[in-house]
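**Student:**
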Amino acid sequence: MTTTHDEAVATAAASGASATDRFRTDKSPYEAVKDVPKERVDELAREVLSAVHDTIRKHKVTYDEYNALKAWLIQVGQDGEWPLFLDVWVEHVVEDVATAHRKGNKGTIEGPYYVPDAPDAVDNTIPMRDGEAGTPLVWKGTITAVDGTPLTEGKVELWHADNDGFYSQFAPGIPEWNLRATFHADEQGNFEIHTIQPAPYQIPTDGSCGKLIAAAGWHAWRPAHLHVKVSAPGYELLTAQLYFPGDPHNDDDIADAVKPELLLDPQPEGDGVAIDYSFVLDPEA
Ligand code: MBD
Ligand code: FE
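Residue 499 is where the sequence shown starts when you use my numbering, and the numbers rise one by one after that.
(1) Could you have a look at Trp675 and say whether DSSP puts it in helix, strand or coil?
(2) In its own chain, which residues sit with a C-beta less than 6 Å from the C-beta of Tyr665, not counting the 5 before and 5 after it?
(3) Sort out for me which residues DSSP pairs Ser729 with in a bridge.
(4) Curious, which full-length alpha helix (DSSP H) runs of at least 4 residues does the region 687-769 contain?
(5) With 16 as the cutoff for other CB atoms within 10 Å, does Gly453 come out buried or exposed?
(6) Leaving out five residues on either side along the sequence, give the residues of the same chain with a beta carbon under 8 Å from the beta carbon of Asp618.
(7) To the nearest angstrom, how far is the alpha carbon of Ala714 from that of Thr642?
(8) Going by beta-carbon coordinates alone, are Thr553 and Ala755 separated by less than 9 Å?
(9) For Pro673 and Lys757, I'd like the C-alpha separation in whole angstroms.
(10) Assess, as a yes-or-no matter, whether the region 701-709 is touched by the region 562-582 under the definition of 3 or more beta carbon pairs within less than 8 Å.
(11) Given that a residue counts as buried once 16 or more other Cβ atoms are within 10 Å of its Cβ, and exposed if not, what is Arg522?
(12) Any heavy atom of the ligand MBD closer than 8 Å to the CB of Arg520?
(13) Based on Cα-Cα distance, which residue from Glu537, Thr737, Gly744 and Pro743 lies nearest to Thr597?
(14) Is His682 near the ligand MBD, going by C-beta to nearest heavy atom under 8 Å?
(15) Per the contact definition of three or more C-beta pairs closer than 8 Å, is the region 557-566 in contact with the region 719-736?
(16) Reducing DSSP to helix, strand and coil, say where Asp774 ends up.
(17) Leaving out five residues on either side along the sequence, give the residues of the same chain with a beta carbon under 8 Å from the beta carbon of Val771.
(18) Nearest to Pro781 by CA position, among Thr647, Lys556, Asp533 and Glu579, is which residue?
(19) Please report how far the alpha carbon of Pro746 lies from the alpha carbon of Leu649, in whole angstroms.
(20) Candidates Pro581, Pro743 and Asn565: which alpha carbon is nearest Phe668's?
(21) Since Thr553 is in the beta strand (DSSP E), which residue starts that stretch and which ends it?
(22) Quick check on DSSP: helix, strand or coil for Thr502?
(23) Just to confirm, are Ile691 and Lys604 a CB contact at a threshold of 9 Å?
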């Protein structure tokens, strides 16, 4: 890993903070929930607060600890790391609940670094820099419905980190849309993707999330992963990540987002690897 060299460390916190701007630009969550009944808000807010109160009583939390929490929460906002914090430590449960009814592919969390509307890939190849570092990866698969119908209008939006664990549009110095593209299924529902294998991802050590990790004695790693959003008209959007066997953090992902169904089986091919992984989508209700 090269994330210990100076440049990589210097860019780390910026990635967490850029996610706040991106969230404000791309999502309109307040519009979506503005009609939530007050009974629901009352119940959820009361239960969350009550869980906090119980923890304080159980552990006899002191004023020093309470003030440390206040200082830390203020700093998370100033660092712009709320999207990072929530997606690493909370989103996996929301995803489990939201997709429990599905019969098709398992999905997992989106994380903080998705950008919508990535341009279509040219020649089935993701945009990359001249001499982009990393093992070449060729991926073939099919998009079908749970009843077996090939989804010829299906598409795969793919985004992933580079060989240093950094994402374009979040870490500085990487061309826009690098290692991000939209791939379309053919008349048989097949797709083909040419990219490189990403590196494991380390939560920025120089921001508030990194401070929490250090203070608690945790590690800061996610296993290497490919992010996808797979969709077709009339079918539920599948958000997933795919993982590589043998990664030391597949069993202790800091974001708890690995599932056995999401492990790839790469085979050596030429100077790189070939993977064969297909998607099955659930029809919209
Ligand atoms: C990532 O790359 C990621 O996928 C998640 C879920 C959290 C932080 C960084
Ligand atoms: Fe990621």
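Glycine included, each C-beta is placed from N, C-alpha and C at the ideal position. Bear in mind that the values here come from a model prediction, so they are computed numbers and not experimental data.
**Tutor:** So, from the listed chains and residues:
(1) As a position in the sequence shown, residue 675 is number 177, starting the count at 1. Coil at Trp675, not helix or strand.
(2) As a working mapping, residue 665 is identified with position 167 in the sequence shown. Cβ within range, chain order: Tyr611 and Ala659.
(3) Translated into positions along the sequence shown, residue 729 becomes position 231. For Ser729, which the question treats as bridged, DSSP gives the partners Lys653.
(4) 706-714
(5) What the structure shows of the chain is the stretch from 499 to 783, and residue 453 is not part of that stretch, so it cannot be assessed.
(6) Position 120 of the sequence shown, counted from the first residue, corresponds to residue 618. Once the five neighbours on either side are set aside, the close Cβ partners of Asp618 are Ala679, Thr680, Phe681 and His682.
(7) Working through the sequence shown from its first residue, we reach residue 714 at position 216. Working through the sequence shown from its first residue, we reach residue 642 at position 144. About 44 Å.
(8) Within the sequence shown, numbered from 1, the residue matching residue 553 stands at position 55. Within the sequence shown, numbered from 1, the residue matching residue 755 stands at position 257. Their beta carbons are not under 9 Å apart, which means Thr553 does not touch Ala755 by this criterion.
(9) As a first step, residue 673 must be located in the sequence shown, where it is residue number 175. As a first step, residue 757 must be located in the sequence shown, where it is residue number 259. Near 31 Å, if we compare the C-alpha coordinates of Lys757 and Pro673.
(10) yes
(11) Counted from its first residue, the sequence shown places residue 522 at position 24. It is exposed - the Cβ of Arg522 has fewer than 16 other Cβ atoms within 10 Å.
(12) What you label residue 520 is simply residue 22 of the sequence shown in a count that begins at 1. No.
(13) To locate residue 597, count along the sequence shown from 1; it is residue 99. Ranking Glu537, Thr737, Gly744 and Pro743 by Cα distance to Thr597 puts Thr737 first.
(14) To locate residue 682, count along the sequence shown from 1; it is residue 184. His682 Cβ: outside cutoff for every heavy atom of the ligand MBD.
(15) no
(16) The residue you call residue 774 lines up with position 276 of the sequence shown. Strand.
(17) Translated into positions along the sequence shown, residue 771 becomes position 273. For Val771, where only same-chain residues beyond five positions count, the Cβ hits under 8 Å are Thr633, Pro634, Leu635, Val636, Gln695, Pro764 and Gln765.
(18) Locating residue 781 in the sequence shown gives position 283, where the first residue counts as 1. Checked all of Thr647, Lys556, Asp533 and Glu579; the closest Cα to Pro781 is Thr647.
(19) Numbered from its first residue, the sequence shown carries residue 746 at position 248. Numbered from its first residue, the sequence shown carries residue 649 at position 151. So the two alpha carbons sit approximately 35 Å from each other.
(20) For the purposes of this step, residue 668 is taken as the residue at position 170 of the sequence shown. Nearest option by C-alpha distance: Pro581.
(21) Stepping through the sequence shown from its first residue, residue 553 is reached at position 55. Premise fails: Thr553 lies in the alpha helix (DSSP H), Lys536 to His557, not in any beta strand (DSSP E).
(22) Here residue 502 refers to the residue found at position 4 when the sequence shown is read from its first residue. Its pLDDT being 39, under 50, Thr502 is placed unreliably in this model, and the coordinates cannot settle the point.
(23) For the purposes of this step, residue 691 is identified with residue 193 of the sequence shown, where counting begins at 1. For the purposes of this step, residue 604 is identified with residue 106 of the sequence shown, where counting begins at 1. For Ile691 and Lys604, no; Cβs fall outside 9 Å.
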